[in-house]
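In our numbering, the protein residues as written are 212 to 488. Ideal Cβ positions, reconstructed from N, Cα and C, are used throughout, including at glycine. Data block below; observations after.
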């Protein structure tokens with residue numbers, strides 16, 4: 212089946228980018244040329260082709276999307292943004308188990324925007340990732356899903372909470388048991404603070420490791436075949452922060468709040484956890 216419009220749009224980066232720029236509003240040739248970093252002779256032929264297919268119209272010295280053009284670009288933009296997210300860190304996404312992300316958020320992966328990969332250097336493998344720790348100490352609000360045990364996490368999260376941040380943490384049942392077993396006093400102190408919330412998820416052994424603050428969002432997914440490697444993708448895009456909050460709330464709805472610790476045997480059993488209100 213012939214698809215001349217698809218070919219017209221996607222076989223030329225200049226035509227595709229002209230349409231995306233015009234989605235922002237009408238622009239003259241000089242503005243388009245500057246934004247595309249191209250010469251007028253390189254841009255004008257592409258605009259001419261878009262006009263011939265009724266996607267772009269000209270009003271004096273301004274170019275704008277036609278009604279048809281608006282429909283096409285509104286559908287095109289999420290695809291272009293999704294491809295940009297996946298291509299920017301293609302090796303990471305290809306290697307990861309994405310089944311722990313609900314379909315509704317998978318369809319909106321484009322909202323992550325510009326992402327970078329972050330991982331601990333080999334000689335600091337068992338330390339906190341410095342960039343993460345630095346930004347989290349600046350944050351006023353922290354929501355985290357912690358899917359693996361790290362001996363520095365209990366003391367770090369109570370530190371940022373005592374410094375005034377609002378901190379909510381979701382732990383798989385196995386990780387909560389380990390926190391209580393090895394860091395009982397810190398865990399008790401954490402849940403007794405007014406600005407903290409500790410939740411346990413009973414069926415969350417391979418959840419994404421997620422950190423969402425008012426500054427950044429970072430997510431680490433389990434590799435498909437290898438062991439967990441603490442390699443994150445991180446974004447500062449406001450849409451990514453909102454996306455991460457929705458993912459946190461999805462798992463929060465599957466979790467129970469830890470309100471007290473009586474003893475290790477009952478720590479995640481009846482009477483210690485309650486359903487969040």
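- Message: Using a Cβ-Cβ cutoff of less than 7 Å, which residues in the same chain neighbour residue 457 once the five nearest sequence positions on both sides are dropped?
- Response: If we look at residue 457 and ignore the five residues flanking it on each side, its Cβ neighbours are 316.
- Message: Can you check which of these residues, 250, 227, 240 and 313, is closest to residue 287 by C-alpha distance?
- Response: Checked all of 250, 227, 240 and 313; the closest Cα to residue 287 is 227.
- Residues near residue 225 in its chain [Cβ-Cβ closer than 8 Å; skip 5 each side]: 247, 249, 253, 254 and 257
- Item | DSSP-derived helix/strand/coil call for residue 269 | strand
- Which of the three DSSP states, helix, strand or coil, is assigned to residue 279? helix
- In terms of DSSP beta bridges, what is residue 382 paired with? 411
- Ends of the alpha helix (DSSP H) at residue 317? 314-317
- Message: I need the DSSP call for residue 438, collapsed to helix, strand or coil.
- Response: coil
- Message: By the three-class DSSP mapping on this structure, what secondary structure does residue 483 have?
- Response: Caution is warranted here: a pLDDT of 47 is assigned to residue 483, below 50, making its placement in the model unreliable, and no coordinate value can be reported.
- Output the boundary residues of the beta strand (DSSP E) element that contains residue 468. Where residue 468 is concerned, the enclosing beta strand (DSSP E) starts and stops at 467-469.
- Own chain partners of residue 349 with C-beta closer than 7 Å, once the 5 adjacent residues on each side are dropped: 426
- Query: Within 10 angstroms of its Cβ, does residue 365 collect 16 or more other Cβ (buried), or is it exposed?
  - Reply: buried
- Kindly list the residues whose CB is nearer than 7 Å to the CB of residue 352, restricted to its own chain and excluding five residues on each side of it in sequence; keep chain order. 376, 377, 424 and 425
- Task: Measure the beta-carbon distance from residue 312 to residue 419 and round it to whole angstroms, keeping in mind my assumption that it falls under 8 Å.
- Result: 7 Å
- Between residue 221 and residue 453, what straight-line distance do the alpha-carbon atoms span, to the nearest angstrom? 30 Å
- For residue 309, does the count of other Cβ atoms within 10 angstroms reach 16, so buried, or fall short, so exposed? exposed
- Query: residue 429 bridges to which residues according to DSSP?
  - Reply: Residue 429 pairs with 422 and 445.
- Query: Closest by CA to residue 441, which one among 260, 293 and 359?
  - Reply: 359
- Query: With which residues is residue 352 paired in a DSSP beta bridge?
  - Reply: 377
- Item | Residues that residue 274 bridges to, as DSSP identifies them | 238 and 269, per the DSSP bridge assignment.
- Message: What does the alpha-carbon distance come out to for the pair residue 268 and residue 242?
- Response: Near 16 Å, if we compare the C-alpha coordinates of residue 242 and residue 268.
- Which term fits residue 407, buried or exposed, when burial requires 16 or more other beta carbons within 10 angstroms of its beta carbon? buried
- Query: Near residue 219, what residues of its chain come up, given a Cβ to Cβ distance below 7 Å and the 5 sequence neighbours on each side ignored?
  - Reply: 226, 260 and 264
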